[in-house]
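Participant:
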Amino acid sequence: MKATRRKNIHKWEQQPKKKMKISVQQRKRSSSSTEEEEEEGNYPNIDYFNKLSDDVITSVFLRCPLKSLSMLRCTSKLWNNFIISPSFLHSHLTQSTQNSPKLVFLEDKCLHRSKKSWLRFVSVDMDGSKEELHTVTVPDTQLVCSAMEVCFGLVCLSTDCRLYLFNPALQQLCELPEYSLSATPGYRHFGVGYLHSRKEYKVVHFFYTVPSMTKRYCNLGILQVSHLKCEVLTINKFGGVSFNRWKEIADRSPCLPRSQGLLVNECMYVLVHLFSSLSPY
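Counting in the working numbering, the sequence shown runs from 2 upward without gaps.
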């Protein structure tokens, strides 16, 4: 009787060890499978969410702030393509501007050793709550003293020779095509507007051409209305993904601009000088 009891006890003690080994192996297999799914961008919880209708998914994503949308883009390719689609970005921007208008502030710092500019975009709503949108380092020291203009969800930064476009929804900062080669550096007069009828952005750039100029920057008194030209850049896909070339306008402006342009009812308005040259004398 003692021998049989010892055998039974011995068998009973060995059984949980086998179960433990099996459970550990199953956990390793399950963990490895989940890691492979995460590397491929297929999360198990997303399958339940993707079974919802497009209207429900759209209504959920439309309520998310910009920072949450940027995090959701990294979850799967399906969500990324959905969030960066022009139709969703347009709907999200329209709803956010109507429900909770915000102000965009730019904090900049010049990194002299690396010859770069450090930029941080921050949005502030009417209640005073802040949200950091994006922080980026750009190899252009002139961005520290750049001019900024906000137009329907996009932020346009201008230097003496370059234009940059920032999209807070996608957290992307891209450089627009270069100005006309005949443009005189040092004078930035531009305007950005959004045409709701065509669903495209227009960037209007006023520049001066002085053929006899030998220096990089000429005197303000030299510039006349005859030296003034204008070119337009069309951004025909929301978010600044697709650009066209600058198109020069044949008609000359009768006055010299003194400020950045503002689009109202799909017409660009610019403050101008009343005299024919920039020199006050």
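Yeah, the Cβ is synthetic: ideal placement off N, Cα and C, and Gly gets one too. Keep in mind that this is a model prediction, so the values were computed, not measured.
Only counting runs of 4 or more residues, tell me where the alpha helix (DSSP H) segments fall wholly within the segment 64–127, in order along the chain.
Facilitator: Within the segment 64–127, the complete alpha helix (DSSP H) runs of at least 4 residues are 67–74, 78–84 and 87–100.
Participant: So, Q96 versus H135, is the Cβ gap smaller than 7 angstroms?
Facilitator: No; because the gap between Cβ atoms is not below 7 angstroms, this pair is not in contact.
Participant: Could you tell me which of K117, H190, P258 and F191 sits nearest to T142, measuring between CA atoms?
Facilitator: That would be K117, whose Cα lies nearest to the Cα of T142.
Participant: As a quick exercise: from V273, Q261, C268 and M269, pick the residue whose alpha carbon is nearest that of E150.
Facilitator: With distances taken between Cα atoms, E150 lies closest to Q261.
Participant: Quick one: what's got a C-beta closer than 6 angstroms to V265's C-beta in the same chain, skipping five residues either side?
Facilitator: The answer is none, since no qualifying residue turns up.
Participant: Residues in the same chain with beta-carbon distance under 6 angstroms from V125, minus the five sequence neighbours each way, listed in chain order, please.
Facilitator: Answer for V125: L104 and K131, listed in chain order.
Participant: Can you tell me whether DSSP reads V271 as helix, strand or coil?
Facilitator: Coil at V271, not helix or strand.
Participant: Are the CB atoms of N168 and L158 within a distance shorter than 7 angstroms?
Facilitator: Not in contact: L158 and N168 (Cβ atoms no closer than 7 angstroms).
Participant: Is G194 buried or exposed, if buried means 16 or more other CB atoms sit within 10 Å of its CB?
Facilitator: Buried, because 16 or more other Cβ atoms sit within 10 Å of the Cβ of G194.
Participant: Does the Cβ of C231 have 16 or more other Cβ atoms within 10 Å, making it buried, or fewer, making it exposed?
Facilitator: So C231 counts as buried.
Participant: Let's see if you can read the secondary structure: which residues bound the beta strand (DSSP E) around T235?
Facilitator: T235 -> beta strand (DSSP E) spans L229 to I236.
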